[in-house]
Each structure stands twice: as C-alpha cells, then as structure tokens.
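Each residue of the sequence shown is one higher than the one before, starting from 1 at the first, in this note's numbering.
Glycine residues also receive a C-beta, built at the ideal position from the N, C-alpha and C atoms.
Worksheet: one structure, shown below.
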Amino acid sequence: MKISIKNKEDIKKMRIAGKLAAEVLEMITPHVVPGISTGELDDICYNYITQVQKSIPANVGYRGYEKTICSSVNQVICHGIPSKDKILKNGDILNIDVTVLKDGWHGDTSKMFLVGKCQPHNERLVRITQECLYKAIEIVKPGIYLGDIGHVIQKHAEDNYYSVVEDYCGHGIGTVYHEEPQVLHYGVPNTGIQLKEGMCFTIEPMINQGSKYTKSLSDGWTVETKDGRNSAQWEHTLAVTSNGVEVLTKRSEEDL
C-alpha cells in the first residue's frame, strides 16, 4: 500500500482548500431552515464555490455524481442526493458534505445541522457523533495507529448505546480525492498503519441510533440505515504534524 506523504508546500495548498470547504459550511448555515429544499442548498453552495471562491466543487462529475454537496437527512447515512423535491421539515437532522478543489488540492468536510426544533434524542445523536470525531482528532500524532483512531470512535459511540457504520470510512486525500489509507471508524488499538508526519486523511464517523447495518438505494448513491433509524456524521480533513495534528477544515466556531 502506497501512502502519499505531503511536504510543507503541499500542506500549505491543502490548508487553502480546507479553509474554503469550511467556509462553504459556514456560509450555508443560515440557509438551513424548514421549508428549503436540499436542491436549493446545493445551488447556493455551487454558486458560492464557483463564483465567490473561484474554485471547483469536486463532487460534480466525480464517478458520475452530478451535485455539489451530499445532503443526508435523518435515516440517510451518506451520499444523499440534493433535490428540489426534498423539502426540509422542522425536526429533521441534516448532514451536508462538501469537497472543494483549489489549485489541484482537495478539502473535504461535513457537518450536521438541526433543522428547526429537534427532538432531544436526535440532538444527542448529533452531539455524540461530533464528540466521536473530536476524540479521534485529539489522539492523532506520529506513532499512533489507525486502529487507535477507530477504537476511540467505536468506544465512545458504543458507550452511548449507538453503533458505528462499518461499510464506509475515511480516506487519504490530497491531489487525489480518495486515496490510501482507508480510515476505519472502528478498530483495535495498536493495529493497522502507523501514522507519520505528512500523512493527510479524513476522519468522518457515521454513527447510528439503531444497528450498524446499511442499505443502498436504487439511485446508486444514497445509503440509509437498514432499520430506518437516524444516523449522523461529522468530517474533517487532517494533516499529521511533527508532534500532533492540524485540522485543515476547521470552522471558525471550533476550538481544535
């Protein structure tokens, strides 16, 4: 397995792409309200990336995908396709996943949105899933193993009576959108690849209220929970530094 190691100049470019991706999520936040369609949200993001950021929405045309964002509502785990027919309702939970391509480098990130007033059990799922991501980020540094990352996520999810989706994972990233290594969100400590300075990858745990099992819809993209219960996901792009980690897609409200 060949894992790309980025130098300081590479990471400088990834930092720019990552900041742009973070800014898309900040920009779209006030638009996420009951009554708007996911298709409208997609249009707003496309126009912002292309016209304001003068960048490329990496999802458009990727493996035949036609939209700028993935918009995953409630029981949709990932890869929900935006549509003018999908109207957000009060109480929905929504994940928006966006990747910006700038000067050949990718920044990939996602966040959860609470639409209107949500039920406490859905708010809790969203919060615990974000904690899973943050707990994983906290331990990233040279010398730890990918299994350590997966274990931290799995333990926090299961301690809170949730399950971890095992069918989808984080990934290496750089000039290539998805590259090695695969970053599993479950695992055994001290197993898997050992991290080195210059590795760049995403961590993007998908956590379910019910069972971990998934089903793919006939559109070829949308993935839902098999039991129909809700799922949440948060994602950041990271660079392993000499003594820790830099979160390349950090938003202004985050203290990471």
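Can you list, in chain order, the stretches of the alpha helix (DSSP H) that have 4 or more residues and sit fully within the stretch 126-194?
-> Inside the stretch 126-194, DSSP marks whole alpha helix (DSSP H) runs of 4 or more residues at positions 146-159, from first to last along the chain.
Inspect the CB distances between the stretch 15-29 and the stretch 204-213 and report whether three or more fall short of 8 Å.
-> The stretch 15-29 vs the stretch 204-213: no contact.
Is PRO30 buried or exposed, if buried means 16 or more other CB atoms sit within 10 Å of its CB?
-> Taking the first residue of the sequence shown as position 1, residue 30 is located at position 30. Here PRO30 is exposed. Its C-beta has fewer than 16 other C-beta atoms within 10 Å.
Starting from the Cα of VAL76, find the closest Cα among TYR65, ILE96, LEU41 and ASN59 and give me that residue.
-> If you number the sequence shown from 1, residue 76 lands on position 76. The candidate whose alpha carbon is nearest that of VAL76 is ILE96.
Under three-state DSSP, which class holds LYS12?
-> For the purposes of this step, residue 12 is taken as residue 12 along the sequence shown, with counting starting at 1. Collapsing the DSSP output to three states places LYS12 in a helix.
Kindly identify the DSSP beta-bridge partner or partners of SER37.
-> Here the question's residue 37 lines up with position 37 in the sequence shown. According to DSSP, which records beta bridges pairwise, SER37 is partnered with ILE87.
So which of THR109, GLU26, SER4 and LYS84 has the shortest CA-CA distance to GLU235?
-> The residue labelled residue 235 in the question sits at position 235 within the sequence shown. With distances taken between Cα atoms, GLU235 lies closest to THR109.
Are LEU195 and ILE137 closer than 8 Å when you measure CB to CB?
-> Counted from its first residue, the sequence shown places residue 195 at position 195. Counted from its first residue, the sequence shown places residue 137 at position 137. In this structure, ILE137 does not lie closer than 8 Å to LEU195 by Cβ.
Quick one: what does DSSP say MET27 is sitting in, helix, strand or coil?
-> By 1-based counting over the sequence shown, the position of residue 27 is 27. Three-state result, MET27: helix.
Test item: CB-CB of VAL24 and ILE49 under 8 Å | If you number the sequence shown from 1, residue 24 lands on position 24. If you number the sequence shown from 1, residue 49 lands on position 49. In this structure, VAL24 sits near ILE49, with a CB-CB distance shorter than 8 Å.
Rounded straight-line distance, which links the Cα of GLY80 to that of ASP219 | In the sequence shown, counting from the first residue as 1, residue 219 sits at position 219. In the sequence shown, counting from the first residue as 1, residue 80 sits at position 80. Each residue's Cα considered, the two are about 10 Å apart.
Can the beta-carbon of LEU262 be found closer than 8 Å to that of VAL126?
-> Lying before the first or after the last residue shown, residue 262 is absent from the chain, which here runs from 1 to 256.
First and last residue of the uninterrupted beta strand (DSSP E) at GLN233 | The residue given as residue 233 occupies position 233 in the sequence shown. Residue range 231-233 is occupied by the beta strand (DSSP E) that includes GLN233.
Beta bridge counterpart(s) of VAL100 as assigned by DSSP | The residue given as residue 100 occupies position 100 in the sequence shown. Per DSSP, the beta bridge partners of VAL100 are PRO57 and GLY107.
Mind reading off the beta-carbon distance from GLY228 to PHE201? Whole number of angstroms is fine, and I expect it under 8 Å.
-> Counted from its first residue, the sequence shown places residue 228 at position 228. Counted from its first residue, the sequence shown places residue 201 at position 201. About 31 Å; that fails the 8 Å criterion.
Taking the beta strand (DSSP E) that LYS215 falls in, what are its first and last residues?
-> Here residue 215 corresponds to residue number 215 of the sequence shown, with the count starting at 1. Where LYS215 is concerned, the enclosing beta strand (DSSP E) stretches over 214-216.
Rank SER216, ASN243 and ALA21 by C-alpha distance to the C-alpha of CYS78 and give the top, closest one.
-> For the purposes of this step, residue 78 is taken as residue 78 along the sequence shown, with counting starting at 1. Among SER216, ASN243 and ALA21, the Cα nearest to that of CYS78 is on SER216.
Would you kindly report the start and end of the unbroken beta strand (DSSP E) that includes THR225?
-> For the purposes of this step, residue 225 is taken as residue 225 along the sequence shown, with counting starting at 1. THR225: member of the beta strand (DSSP E) spanning 223-225, first to last residue.
Can you pull the DSSP bridge partners for ALA239?
-> Taking the first residue of the sequence shown as position 1, residue 239 is located at position 239. Under DSSP, ALA239 shares a beta bridge with CYS200 and GLU246.
What's the call for VAL164, buried or exposed, on a 16-neighbour Cβ count within 10 Å?
-> Here residue 164 is taken as the residue at index 164 of the sequence shown, counted from 1. So VAL164 ends up on the buried side.
Leaving aside the five residues before and after ILE3 along the sequence, list all residues of the same chain whose C-beta is less than 6 Å from its C-beta, in chain order.
-> Here residue 3 refers to the residue found at position 3 of the sequence shown. Result list for ILE3: GLU180 and PRO181, in chain order.
Got a sec? Which residues, its chain only, sit under 7 Å from CYS169 by beta carbon, not counting five neighbours each side?
-> For the purposes of this step, residue 169 is identified with residue 169 of the sequence shown, where counting begins at 1. Result list for CYS169: GLN182, VAL183, LEU184 and HIS185, in chain order.
Compare the beta carbon distance of HIS151 and VAL188 with 8 Å and say whether it is the shorter of the two.
-> For the purposes of this step, residue 151 is taken as the residue at position 151 of the sequence shown. For the purposes of this step, residue 188 is taken as the residue at position 188 of the sequence shown. Result yes, Cβ atoms of HIS151 and VAL188 sit closer than 8 Å.
Where does MET206 land, buried or exposed, given buried means 16+ other C-beta within 10 angstroms?
-> The residue you call residue 206 lines up with position 206 of the sequence shown. Here MET206 is buried: its Cβ has 16 or more other Cβ atoms, across all protein chains shown, within 10 Å.
Taking the Cβ atom as the reference point for each residue, do LEU263 and GLY147 lie within a distance shorter than 8 Å?
-> The structure shown does not extend to residue 263, since the chain is modelled only from 1 to 256, so the question has no answer here.
From what residue to what residue does the beta strand (DSSP E) around SER71 run?
-> Here residue 71 refers to the residue found at position 71 when the sequence shown is read from its first residue. Segment 69-73, the beta strand (DSSP E) holding SER71.
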